[in-house]
Structures are given as C-alpha cells and as structure tokens.
Amino acid sequence: MKDSLVLKTIQEKIKNLGSLPGCYLWKNQLGQVIYVGKALKLQSRVRSYLNPNQKDRKTRALYVELYDLDWIATRTEKEALLLEATLIKKYNPKFNVRLKDDKKYPFLCVSTSEDYPMVFLTRKVKDNGDRYFGPFTDVKAARDTLELIHRIFPIRKTKLKLPLARPQRPCLNFHMGRCLGPCQGNVTKETYSELVDEIIRFLEGKKDRLVADLKSAMLDASTKMEYERAGFLKQRIETINQIREKQTVVSLDGGDEDILGISKREDEGQIVILEVRGGRLDGKKSFPLTGLSFSDDEEAFTSFLRDYYLNVTILPSVVYLPTSAKGNYDVFLEAILEKFGSSIKIKFPEMGPKKSLLRLAEKNADLSLTERILATKLRDQTVAMKELQEKLNLPTLPRTIECYDISHFQGSSPVASGVMFVEGKPYKAGYRHYKMRGYEGINDPGMIHEVIARRLSHLVNEEEPLPDLIVIDGGLTQLSRAAEAAIALDLGHIPMVGLAKKREEIYFPGEKHPYSFDKHSPMMRLLRNLRDEAHRFGVTFQRLQRKKKALKSILDEIPDIGASRRKSILMYFQSKKKVTEATKDELEQVQGIGPVLAEKIYLGIQNLKKMQPNESN
Numbered sequence: 001m002k003d004s005l006v007l008k009t010i011q012e013k014i015k016n017l018g019s020l021p022g023c024y025l026w027k028n029q030l031g032q033v034i035y036v037g038k039a040l041k042l043q044s045r046v047r048s049y050l051n052p053n054q055k056d057r058k059t060r061a062l063y064v065e066l067y068d069l070d071w072i073a074t075r076t077e078k079e080a081l082l083l084e085a086t087l088i089k090k091y092n093p094k095f096n097v098r099l100k101d102d103k104k105y106p107f108l109c110v111s112t113s114e115d116y117p118m119v120f121l122t123r124k125v126k127d128n129g130d131r132y133f134g135p136f137t138d139v140k141a142a143r144d145t146l147e148l149i150h151r152i153f154p155i156r157k158t159k160l161k162l163p164l165a166r167p168q169r170p171c172l173n174f175h176m177g178r179c180l181g182p183c184q185g186n187v188t189k190e191t192y193s194e195l196v197d198e199i200i201r202f203l204e205g206k207k208d209r210l211v212a213d214l215k216s217a218m219l220d221a222s223t224k225m226e227y228e229r230a231g232f233l234k235q236r237i238e239t240i241n242q243i244r245e246k247q248t249v250v251s252l253d254g255g256d257e258d259i260l261g262i263s264k265r266e267d268e269g270q271i272v273i274l275e276v277r278g279g280r281l282d283g284k285k286s287f288p289l290t291g292l293s294f295s296d297d298e299e300a301f302t303s304f305l306r307d308y309y310l311n312v313t314i315l316p317s318v319v320y321l322p323t324s325a326k327g328n329y330d331v332f333l334e335a336i337l338e339k340f341g342s343s344i345k346i347k348f349p350e351m352g353p354k355k356s357l358l359r360l361a362e363k364n365a366d367l368s369l370t371e372r373i374l375a376t377k378l379r380d381q382t383v384a385m386k387e388l389q390e391k392l393n394l395p396t397l398p399r400t401i402e403c404y405d406i407s408h409f410q411g412s413s414p415v416a417s418g419v420m421f422v423e424g425k426p427y428k429a430g431y432r433h434y435k436m437r438g439y440e441g442i443n444d445p446g447m448i449h450e451v452i453a454r455r456l457s458h459l460v461n462e463e464e465p466l467p468d469l470i471v472i473d474g475g476l477t478q479l480s481r482a483a484e485a486a487i488a489l490d491l492g493h494i495p496m497v498g499l500a501k502k503r504e505e506i507y508f509p510g511e512k513h514p515y516s517f518d519k520h521s522p523m524m525r526l527l528r529n530l531r532d533e534a535h536r537f538g539v540t541f542q543r544l545q546r547k548k549k550a551l552k553s554i555l556d557e558i559p560d561i562g563a564s565r566r567k568s569i570l571m572y573f574q575s576k577k578k579v580t581e582a583t584k585d586e587l588e589q590v591q592g593i594g595p596v597l598a599e600k601i602y603l604g605i606q607n608l609k610k611m612q613p614n615e616s617n
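Per full-length UniProt numbering, the sequence shown starts with residue 1, numbered consecutively.
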C-alpha cells in the first residue's frame, strides 16, 4: 500500500494543474524521473495514475514506484509532443519507450548554401540553407553512399571557398574525370547546379526521373556533337541503372513508402524500416529501442514515429504499420503537417503485398535484435572476465571457469555437478556428473572435497589444462574443504572462490569475512550464471538417479520380475521412450511381459510419478 502522505502530497499538486496541455514527470523516492508523458488536459491525465487497481500492467508497475510529480505546461498538445521527446532524451526514464542509442545519427549534407556545393558526412543538421539526407543508422552505409555519389557524379571533393580570386591548378580528381574542376573556374555555375540537382534527385530516391532527364541531356549533347559530355552522361546513366537493377520492385504503381516492423524481447526491441522509393526497395534502416517491458506496440510505434519522422528531411507519402499498432496518431500527424507543410498517411494492411512486406520488416527486425543481443552478451562476457581478473586479483584472464555444486534429496542419492564456461559462455563438453563414493547423508563440505580431488587428479593424470578459476557453490566451509583438496595435490595455486547464495557474497580461501560487489555488474552476473547452471545440471542428474533407484525398487518389489525381465524393461524403454511415460499396452510389448504383469508395473510407475521432486542442495 502506497504511503498516504505521499498520495496526499501528489493530490495537492494535481489540484494546481487545471486543464492545460503539457508534460508530466513522475519521479521515484530518489528524485529520479521514471516516466515522462504528455496530455491534452494535465489534471485528469495525471489523476488517472493514482488508482492502485489499474488494469494496465505498466501503470500498476509505475504506481508502485511513483513518489513525486513535476510538470511543464504548454500552449498546445503538439508542443507537448515535442517537449516530451526532449525530456525523454534528457532524463532517459525507465518506463518510457526510447531509442537505445542516444548518439546523433549521420546525415549526408549537400551544401546548397554555397555557389559550388559539395557533398559530405555530418552529424549536425544546421538551418543554413543546406540540404540534409538521412538519418543513416549505419555510418558505413552513409560512407558507402557518399563514395557512390563521388564515383557517379563529378562533384568537387576538396573544401574550398569558391569562386577563388585566382584559379588554381586542379587536383587529380579533375584529370580522372571525377570532378568538373570549379577551383580552376572552367565550369559555369549553371552547369554545376544541374549536377547538384541530379545528386539531390538521386538521394531523394527519384532515380527513374533522374535517368529520364540524363537521357534527354545525353541526346541533346549528341545532337550538338558534344560527344565528350554525352559520354559522361551515358556513363552516369549506366551506373544508376546498375543500382536500380539490384533493387527489388515491390510496388508497380511507384510511390515513396516506409514499411515498419518491430521485434521485442523483455525490455529490448528493434524497429526496422524498409524504404520503398519509386516503387523499389531502396534501403533498410534499423533502430534499437529500450523501455519495452510494459509497453504495447501502439506506444512503441507512437514514440518511434515522433523521434524519427520529426527529425528526417524527406517524408514518404505512406507509412505502413502492423495492425497491433492501431491507435490515435492525430497529434503526431498535426506536428508533421506543421513542420513540413504536408503530411503522411498511416495505414495498417491486413492482407496483400503490403502485409507480406510488413512480415519481411518484422523478420528483419527480429534478426537485427538477435544480432544486437548476442553482441551485447559477448561484450558483457568480455567485461565480466576483465572484472573478475581485476576484482579477484587473478594472475590471468579467466577464460576457463569451472563451478561445482552438490545435490541430494534429504541426504539420499547425493551427486555432484561440474560445469565449465569458456570465454564467458557454457561449454557443454566440459560438463561433468559425479556419484558420491565416500560420503552418504548430508555432508556437503566433505562431498565438495571429494569431487574437487577427483576432478583435479583426473586433469593431472591426463595432462589436461587446469581451469583459470574454480567457483564453489557455497560459503567458507565448502570453499575451505575444496582448497584442502587442491593443496593436497600440490595445486593450491589454482584460483578458487566460494559464492554464497543468500547475500551473493564471495569468499576467498583463508579469509573469514566475505566480500560484496555490485550485484548487477557483469562479473556478478557471470558468477550467478555459473552457479545457477551448476545447480540446474546437478538437480537434473540427482532427480534422474533418484527415479532410477525408485524404479529399480518398484521392479524389485514385483514378485514375477527377475533380473532378466528387469534388464529387458530398462533396455527396451531406453531405446524407445522413458519407462515412466509407458502405457500398459507399451509394457506388453516387452519380451516376457504379459497383460497382468504389465498392469502391476504400470500401477507401480504411477505411484512413482506422484513423488514430489523437493530436492535439497
């Protein structure tokens, strides 16, 4: 139940809000902004969050943490939309959907504010008369496009303030036919402007129209016997046509369209835009999102459309979204109209070619998200190993780590498990099970001593490499016995730590008091993964041993089953399916088992399956 004083304080603040539009900022007890929202009427919207019996999961989760309220009134809801985007970038609130990468994406700039423009890469968009194209989500793609433009169009590549007072000797690009040489003053401003217009049409995706104009210019040059110019134009036409041939035709009626797909996993997500220009699939852009744990598709797309399309320089005529994102986008569309003087249409196709393209966009989003998550895990694993080396004062980077755990059921059927992680990832070939030989009952420290002694003896005898670190699932007592086993084999130099469960503390051999580290650090996450995997692996094996023992006991108790029949039953179901899942008819298929005996065995197995797997560790 939320503190009544907190609620009273918030309710008093709400009384002052009135019905103005604006943005509201929910804060937690530490004063951190955890959610930013916009509203047409601040008072009624904010009050709706104070109902603890909300149906919406996100609002329920937010209600638990909200402690304070702040707000900023605006003149219109459109202003609130823009302010909301600014505040989210500033505070990075955990409950808001937001672009994960807060860096500025690159643009291609055509410096049309100059007499002789050039094309270059930039991350700053200025209101100075230049034309900007983007954003590009991949800087390599932006550089590749820039290189392609420089290869097709002979525009200048050297920064100069033109025209020069004194013409200078042109660079190598002029002699290679890759620049018209405005620095030498041998190209008119009008001719150069025609070239710049071609580049702008190319970047706008209007390649069909560009090719038609270039063909017309080529024929005109040929008629005038300007064969060198006609040759340059023909070369440009051929290069552009080669690019167009590689682009898939997805819309026979042409048009500029964006098809958006989304993929989500817990708090992370990815949106992919398939850009269709002139009816052809012109490119793909991929954007990482975060803050999706409590958000539906409508909220995710609403946030993305605001952050992306209010910052682009060229609008498509139509944006296609999945039907799961249906909602009210009126404020966003009004903001687009106000900024660009024209708006876009948002459609939700349920069938046909556009639906197929939406599925393609979603597939690409899923692949991009998978790739990003794997890359993040790999980065975290590297960071975790470096942290382990630093925090645990290890002589080398712990590339190979082994973790050991003991499992038993109220002291019976004790087993041990050992798992191996290589480069921070599970290495299944290095997993080991151990049946305890020297101990019965509950004696975890003694069993840890036995399993470490057996493991290290095997490594020494087989001349196999030793692990860089051994983790013991347990506290000081278990760790001390494990260290004794290593010292007895003259292997006391192997780094070894114990990981206690309750407080996630780390014990070192010979030290009574444990150490605490940041529980959310990559290092601690890696150690917990090791411990949990060892526990899972051990419990699974222990349960299997216990069931085998119980099954053998059941078979032993049936008078008409001797050693031969018992062996036949176990062998038959090992190759077919688990005996615990066998039906009476299936039991009758075993050699030497008739209907009556099959009934006895079946009932015995059903009693076995009622046993509760309440394993201890």
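From the three backbone atoms N, C-alpha and C, an ideal C-beta is built for every residue, glycine too.
Problem set entry | Burial state of THR137, where buried means 16 or more other Cβ atoms lie within 10 Å | Counting the other CB atoms within 10 Å of its CB gives THR137 a total of 16 or more, which places it among the buried residues.
For this session: Look at the alpha carbon of SER113 and the alpha carbon of ILE149, and state the distance between them as a whole number of angstroms.
Result: Roughly 19 Å between the two C-alpha positions.
Problem set entry | Continuous alpha helix (DSSP H) stretch holding PRO288: start and end | Annotation for PRO288: no alpha helix (DSSP H) segment contains it, though the beta strand (DSSP E) segment containing it runs 280-290.
Problem set entry | Residue burial classification, SER317 (beta-carbon count within 10 angstroms, cutoff 16) | Flag for SER317 reads exposed.
For this session: Consult DSSP for ALA142 and reduce its assignment to one of helix, strand or coil.
Result: The three-state reading of DSSP puts ALA142 in helix, counting H, G and I together.
For this session: Following the continuous alpha helix (DSSP H) through VAL318, name the residue where it begins and the one where it ends.
Result: For VAL318, there is no enclosing alpha helix (DSSP H); the enclosing beta strand (DSSP E) covers residues 318-320.
Exercise. Going by DSSP, what residues sit across from ALA73 in a beta bridge?
Worked result: When DSSP reads this structure, ALA73 sits in a beta bridge with GLY22.
Problem set entry | Supposed contact pair ASP585 and ASP473 - C-beta distance, whole angstroms, cut 8 Å | A Cβ-Cβ separation of about 44 Å leaves ASP473 out of contact with ASP585 under the 8 Å criterion.
Exercise. Taking the C-alpha atoms as reference points, what is the distance between GLU599 and GLN591?
Worked result: Note on geometry: alpha-carbon atoms of GLU599 and GLN591 lie some 15 Å from one another.
Exercise. What residues are listed by DSSP as bridge partners for CYS403?
Worked result: Note: CYS403 sits in a beta bridge opposite VAL419, VAL471.
Exercise. Is the CB-CB distance between LEU456 and LEU489 below 7 Å?
Worked result: Yes, Cβ-Cβ distance for LEU456 and LEU489 is below 7 Å.
Exercise. Does the stretch 275-284 come close enough to the stretch 295-306 that 3 or more CB-CB pairs lie under 8 Å?
Worked result: No, because fewer than three Cβ pairs between the stretch 295-306 and the stretch 275-284 fall closer than 8 Å, the two stretches do not touch.
Exercise. In this structure, does DSSP put VAL97 in helix, strand or coil?
Worked result: Three-state result, VAL97: coil.
Problem set entry | Any chain B beta carbon closer than 7 Å to ARG503 | The chain labelled as chain B is not found in the depicted structure, where only one protein chain is given.
Exercise. How about ALA212 and LEU233: do their beta carbons lie closer than 7 Å?
Worked result: Contact flag unset, no.
Exercise. Beta strand (DSSP E) containing ALA365: first to last residue?
Worked result: ALA365: not part of any beta strand (DSSP E); member of the alpha helix (DSSP H) spanning 353-391, first to last residue.
Exercise. Which residue from GLY185, LYS157, ARG178 puts its Cα closest to that of ARG169?
Worked result: Nearest C-alpha to ARG169 among GLY185, LYS157, ARG178: GLY185.
For this session: Sort GLU257, GLY327, PRO322, GLY278 by Cα distance to ASP309 and report the nearest one.
Result: The question names Asp, but residue 309 is Tyr in the sequence shown. Nearest of GLU257, GLY327, PRO322, GLY278 to TYR309, Cα basis: GLU257.
Problem set entry | DSSP three-state assignment for LYS90, whether helix, strand or coil | If DSSP states are grouped into helix, strand and coil, LYS90 belongs with the helices.
For this session: Along the beta strand (DSSP E) that carries LEU121, what are the first and last residues, could you check?
Result: Residues 119-122.
Exercise. Shortest alpha-carbon distance to ILE401 belongs to which of ARG531, LEU195, GLU462, LEU337?
Worked result: Ranking ARG531, LEU195, GLU462, LEU337 by Cα distance to ILE401 puts ARG531 first.
Exercise. Under a three-way DSSP split, which group does PHE136 fall into?
Worked result: Here DSSP, grouped into helix, strand and coil, assigns PHE136 to coil.
Problem set entry | First and last residue of the uninterrupted alpha helix (DSSP H) at TYR192 | DSSP places TYR192 inside the alpha helix (DSSP H), whose first and last residues are 189-203.
For this session: Could I get the ranges of all uninterrupted alpha helix (DSSP H) runs contained in the stretch 474-532, with 4 residues as the minimum, in chain order?
Result: Counting whole runs of 4 or more residues, the stretch 474-532 contains the alpha helix (DSSP H) stretches 476-488.
Exercise. CA-CA distance, ILE346 and LEU99?
Worked result: For ILE346 and LEU99, the distance between alpha carbons rounds to 21 Å.
Exercise. Ordered along the chain, which non-local residues of its own chain (more than five positions away) have a Cβ less than 6 Å from that of LEU476?
Worked result: Cβ neighbours of LEU476 beyond the five flanking positions: TYR507.
For this session: For CYS171, name the three-state secondary structure that DSSP assigns.
Result: Correct three-state label for CYS171: coil.
Problem set entry | Under 7 Å between C-beta atoms of ARG277 and GLY205 | Result yes, Cβ atoms of ARG277 and GLY205 sit closer than 7 Å.
Exercise. What is the DSSP secondary structure of GLY604, reduced to helix, strand or coil?
Worked result: Look at GLY604 here: in three-state DSSP terms it is helix.
For this session: Would you kindly report the start and end of the unbroken alpha helix (DSSP H) that includes LEU5?
Result: Where LEU5 is concerned, the enclosing alpha helix (DSSP H) stretches over 4-15.
For this session: Enumerate in chain order the residues of its own chain whose CB-to-CB distance from ASP130 is below 7 Å, with the five nearest sequence positions on each side excluded.
Result: Closer than 7 Å at Cβ, skipping near neighbours: CYS109, VAL110, SER111, THR112, SER113.
Exercise. Can you find at least 3 beta carbon pairs, one from the stretch 29-40 and one from the stretch 68-87, that sit closer than 8 Å?
Worked result: As far as the Cβ criterion goes, the stretch 29-40 touches the stretch 68-87, which means the pair count is three or higher.
For this session: Go to VAL270, then tell me how far its beta strand (DSSP E) extends in each direction, as first and last residue.
Result: For clarity, residue 270 is Gln in the given sequence; the question names Val instead. Its beta strand (DSSP E) spans residues 268-277.
Problem set entry | Neighbourhood of SER222 by C-beta, 6 Å cutoff - its chain only, sequence neighbours within 5 removed | Apart from sequence neighbours up to five positions away, the residues of its chain that approach SER222 with a beta-carbon distance below 6 Å are ALA230, ordered along the chain.
For this session: Please confirm whether LEU292 and GLY269 have their CB atoms less than 7 Å apart.
Result: LEU292 is a Cβ neighbour of GLY269, given a cutoff of 7 Å.
Exercise. Under a three-way DSSP split, which group does ASP258 fall into?
Worked result: It is a strand residue.
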